[in-house]
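Heads up: the structure comes next, in C-alpha coordinates.
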Amino acid sequence: MSLLVVFAHGKDSTPWGTKITHLAAIAKKHGALSLSPDHSSMDNPDSRIKHLLSIPELKDPKYSKIVLVGSSMGGYVSCVASQTIKPTGMFLLAPAFGITWYPVQYPEPGCTNVEIVMGWQDETISVQNVVDFGAKYKTKLHLLNSDHRLQNIIPELEILFDNFLINLK
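Using my numbering, the letters of the sequence shown map in sequence onto residues 1 to 169.
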(Lines of atoms letter the chains of each structure in order from A and count residues from 1; the text may use other names and numbers.)
(Lines give C-alpha, C1' and ligand atoms only; values in the text may rest on other atoms or scores of the structure.)
Protein backbone atom coordinates (compact mmCIF):
# COMPACT_ATOMS: atom_id res chain seq x y z
CA MET A 1 0.00 0.00 0.00
CA SER A 2 1.28 3.42 -0.91
CA LEU A 3 -0.32 6.07 1.26
CA LEU A 4 -0.57 9.79 0.51
CA VAL A 5 -1.67 12.18 3.28
CA VAL A 6 -2.57 15.72 2.23
CA PHE A 7 -2.98 18.33 4.96
CA ALA A 8 -5.00 21.54 4.62
CA HIS A 9 -4.28 24.10 7.32
CA GLY A 10 -6.65 26.65 8.80
CA LYS A 11 -7.22 30.26 7.78
CA ASP A 12 -4.78 31.82 10.24
CA SER A 13 -2.37 28.90 10.40
CA THR A 14 0.66 27.70 8.46
CA PRO A 15 1.32 24.57 6.39
CA TRP A 16 3.66 22.98 8.94
CA GLY A 17 2.19 24.17 12.24
CA THR A 18 2.25 22.14 15.45
CA LYS A 19 -0.74 19.86 14.75
CA ILE A 20 0.28 19.09 11.17
CA THR A 21 3.89 18.40 12.19
CA HIS A 22 2.77 15.94 14.87
CA LEU A 23 0.24 14.20 12.60
CA ALA A 24 2.73 14.02 9.71
CA ALA A 25 5.09 12.14 12.04
CA ILE A 26 2.32 9.61 12.68
CA ALA A 27 1.67 9.32 8.93
CA LYS A 28 5.39 8.71 8.35
CA LYS A 29 5.22 5.75 10.77
CA HIS A 30 2.65 4.29 8.37
CA GLY A 31 4.95 4.82 5.37
CA ALA A 32 2.98 7.77 4.01
CA LEU A 33 4.14 10.71 1.98
CA SER A 34 2.75 13.84 3.66
CA LEU A 35 2.09 17.05 1.74
CA SER A 36 0.94 20.33 3.23
CA PRO A 37 0.40 23.03 0.61
CA ASP A 38 0.71 26.65 1.68
CA HIS A 39 -2.70 28.32 1.56
CA SER A 40 -1.75 31.18 3.89
CA SER A 41 -2.13 33.82 1.16
CA MET A 42 -5.64 32.58 0.25
CA ASP A 43 -8.55 33.82 2.36
CA ASN A 44 -11.18 32.39 0.02
CA PRO A 45 -12.03 28.70 0.53
CA ASP A 46 -12.73 28.25 -3.20
CA SER A 47 -9.16 29.35 -4.05
CA ARG A 48 -7.81 26.84 -1.53
CA ILE A 49 -9.96 24.05 -2.98
CA LYS A 50 -8.73 24.79 -6.50
CA HIS A 51 -5.12 24.82 -5.29
CA LEU A 52 -5.57 21.55 -3.36
CA LEU A 53 -7.08 19.84 -6.41
CA SER A 54 -4.06 20.87 -8.50
CA ILE A 55 -1.58 18.81 -6.45
CA PRO A 56 -0.01 16.39 -8.98
CA GLU A 57 0.49 13.57 -6.46
CA LEU A 58 -3.29 13.24 -6.13
CA LYS A 59 -3.37 11.89 -9.69
CA ASP A 60 -0.38 9.57 -9.27
CA PRO A 61 -1.56 5.94 -9.49
CA LYS A 62 1.22 4.76 -7.17
CA TYR A 63 -0.85 6.05 -4.24
CA SER A 64 -3.43 3.37 -3.56
CA LYS A 65 -4.77 5.23 -0.55
CA ILE A 66 -5.28 8.96 -0.09
CA VAL A 67 -6.18 10.63 3.20
CA LEU A 68 -7.19 14.26 3.48
CA VAL A 69 -6.56 15.96 6.82
CA GLY A 70 -8.02 19.41 7.32
CA SER A 71 -8.14 21.85 10.20
CA SER A 72 -10.82 24.57 10.51
CA MET A 73 -11.15 26.17 7.04
CA GLY A 74 -8.87 23.37 5.85
CA GLY A 75 -11.49 20.88 7.06
CA TYR A 76 -14.10 22.55 4.90
CA VAL A 77 -11.64 22.71 1.98
CA SER A 78 -10.78 19.01 2.37
CA CYS A 79 -14.44 18.02 2.51
CA VAL A 80 -15.37 19.93 -0.66
CA ALA A 81 -12.24 18.68 -2.46
CA SER A 82 -13.07 15.11 -1.41
CA GLN A 83 -16.07 15.19 -3.76
CA THR A 84 -13.56 15.23 -6.65
CA ILE A 85 -10.65 13.33 -5.10
CA LYS A 86 -12.72 10.48 -3.58
CA PRO A 87 -10.12 9.77 -0.88
CA THR A 88 -9.91 6.62 1.20
CA GLY A 89 -10.65 8.73 4.25
CA MET A 90 -10.73 12.15 5.88
CA PHE A 91 -9.56 13.22 9.33
CA LEU A 92 -10.98 16.64 10.16
CA LEU A 93 -10.03 18.90 13.06
CA ALA A 94 -12.56 21.53 14.17
CA PRO A 95 -13.88 21.78 10.59
CA ALA A 96 -15.50 25.04 9.53
CA PHE A 97 -19.00 23.74 8.84
CA GLY A 98 -22.14 25.83 9.00
CA ILE A 99 -20.34 29.05 8.04
CA THR A 100 -22.98 31.18 6.35
CA TRP A 101 -20.62 32.99 3.95
CA TYR A 102 -19.14 29.72 2.61
CA PRO A 103 -20.68 28.50 -0.67
CA VAL A 104 -21.99 25.30 0.98
CA GLN A 105 -22.47 25.16 4.75
CA TYR A 106 -22.47 21.36 5.09
CA PRO A 107 -20.65 19.87 2.08
CA GLU A 108 -21.22 16.20 1.39
CA PRO A 109 -18.07 14.14 1.96
CA GLY A 110 -16.63 12.28 -1.02
CA CYS A 111 -15.95 9.21 1.12
CA THR A 112 -17.61 7.34 3.97
CA ASN A 113 -14.54 6.98 6.20
CA VAL A 114 -14.65 10.33 8.01
CA GLU A 115 -13.49 11.13 11.54
CA ILE A 116 -13.85 14.51 13.18
CA VAL A 117 -12.17 15.86 16.31
CA MET A 118 -13.77 18.90 17.90
CA GLY A 119 -13.19 20.81 21.12
CA TRP A 120 -16.13 21.38 23.43
CA GLN A 121 -14.88 24.92 24.10
CA ASP A 122 -14.41 25.86 20.44
CA GLU A 123 -14.78 29.63 20.30
CA THR A 124 -14.65 29.85 16.48
CA ILE A 125 -16.82 27.04 15.08
CA SER A 126 -20.11 26.03 16.65
CA VAL A 127 -19.90 22.58 18.19
CA GLN A 128 -23.54 22.10 17.21
CA ASN A 129 -22.69 22.73 13.54
CA VAL A 130 -20.17 19.90 13.64
CA VAL A 131 -22.53 17.60 15.55
CA ASP A 132 -25.20 18.32 12.91
CA PHE A 133 -22.73 17.52 10.12
CA GLY A 134 -21.70 14.30 11.87
CA ALA A 135 -25.32 13.23 12.31
CA LYS A 136 -26.22 14.05 8.70
CA TYR A 137 -23.32 12.08 7.21
CA LYS A 138 -22.92 9.44 9.96
CA THR A 139 -19.29 10.31 10.70
CA LYS A 140 -17.26 9.30 13.72
CA LEU A 141 -17.08 12.33 16.01
CA HIS A 142 -14.72 12.88 18.96
CA LEU A 143 -15.70 15.75 21.27
CA LEU A 144 -12.80 16.54 23.58
CA ASN A 145 -11.96 19.06 26.28
CA SER A 146 -10.26 21.70 24.15
CA ASP A 147 -10.75 24.93 22.25
CA HIS A 148 -10.60 25.61 18.51
CA ARG A 149 -6.84 25.20 18.19
CA LEU A 150 -6.79 21.77 19.91
CA GLN A 151 -3.23 22.49 21.08
CA ASN A 152 -3.76 21.04 24.56
CA ILE A 153 -4.76 17.63 23.22
CA ILE A 154 -1.95 16.89 20.73
CA PRO A 155 -1.23 13.48 22.34
CA GLU A 156 -4.89 12.49 21.94
CA LEU A 157 -4.87 13.70 18.32
CA GLU A 158 -1.82 11.52 17.64
CA ILE A 159 -3.54 8.45 19.10
CA LEU A 160 -6.77 9.09 17.19
CA PHE A 161 -4.94 9.67 13.90
CA ASP A 162 -2.76 6.60 14.39
CA ASN A 163 -5.87 4.47 14.97
CA PHE A 164 -7.58 6.10 11.98
CA LEU A 165 -4.66 5.12 9.71
CA ILE A 166 -4.49 1.60 11.18
CA ASN A 167 -8.17 1.08 10.38
CA LEU A 168 -8.13 2.46 6.82
CA LYS A 169 -10.09 0.21 4.50
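For glycine and all other residues, C-beta sits at the position ideal for the given N, C-alpha and C.
Which listed residue (the options) has its alpha carbon closest to that of residue i
i: Asp147; options: Asp132, Ser72, Trp16; result: Ser72
i: Met42; options: Pro87, Gly74, Asn167; result: Gly74
i: Lys169; options: Asp122, Ala94, Cys111; result: Cys111
i: Ser13; options: Asn145, Gln151, Leu68; result: Gln151
i: Pro107; options: Met118, Gly89, Ser78, Ile116; result: Ser78
i: Glu57; options: Ser2, Asp162, Asp46; result: Ser2
i: Asp122; options: Gln105, Pro155, Leu93, Lys59; result: Leu93
i: Thr124; options: His142, Leu143, Phe97; result: Phe97
i: Tyr76; options: Ile116, Ile55, Asp60; result: Ile116
Boundaries (first-last residue) of the beta strand (DSSP E) holding residue i
i: Met118; result: 114-119
Buried versus exposed, by CB contacts within 10 Å (16 or more), residue i
i: Lys136; result: exposed
i: Val80; result: buried
i: Ile85; result: buried
i: Ile103; result: For the record, residue 103 in the displayed sequence is Pro; it is not Ile. Exposed, since its Cβ has fewer than 16 Cβ neighbours within 10 Å.
i: Gly20; result: First, the amino acid is wrong: residue 20 is Ile here, not Gly. Looking at its Cβ environment, which holds 16 or more other Cβ atoms inside 10 Å, Ile20 is buried.
i: Ala24; result: buried
i: Ser36; result: buried
i: Ile166; result: exposed
i: Pro95; result: buried
i: Pro155; result: exposed
Alpha carbon of residue i to alpha carbon of residue j, nearest angstrom
i: Trp120; j: Lys50; result: 31 angstroms
i: Val114; j: Lys140; result: 6 angstroms
i: Lys11; j: Trp101; result: 14 angstroms
i: Val127; j: Glu158; result: 21 angstroms
i: Lys138; j: Asp132; result: 10 angstroms
i: Gly31; j: Asn129; result: 34 angstroms
i: Ala8; j: Ser34; result: 11 angstroms
i: Asn163; j: Asn44; result: 32 angstroms
i: Pro109; j: Gln83; result: 6 angstroms
i: Asn145; j: Ile153; result: 8 angstroms
Enclosing alpha helix (DSSP H) for residue i [first to last residue]
i: Ile66; result: From DSSP, Ile66 is part of no alpha helix (DSSP H) but of the beta strand (DSSP E) over 65-71.
Cβ-heavy atom distance, residue i to the ligand HEM, below 8 angstroms
i: Phe91; result: Of the ligands one can find in the structure shown there are none, so the ligand HEM has no counterpart to examine.
> Of all the beta strand (DSSP E) runs that stay within the bounds of the stretch 74-129, which reach a length of 3 or more residues?
Replying inline: 89-93, 114-119
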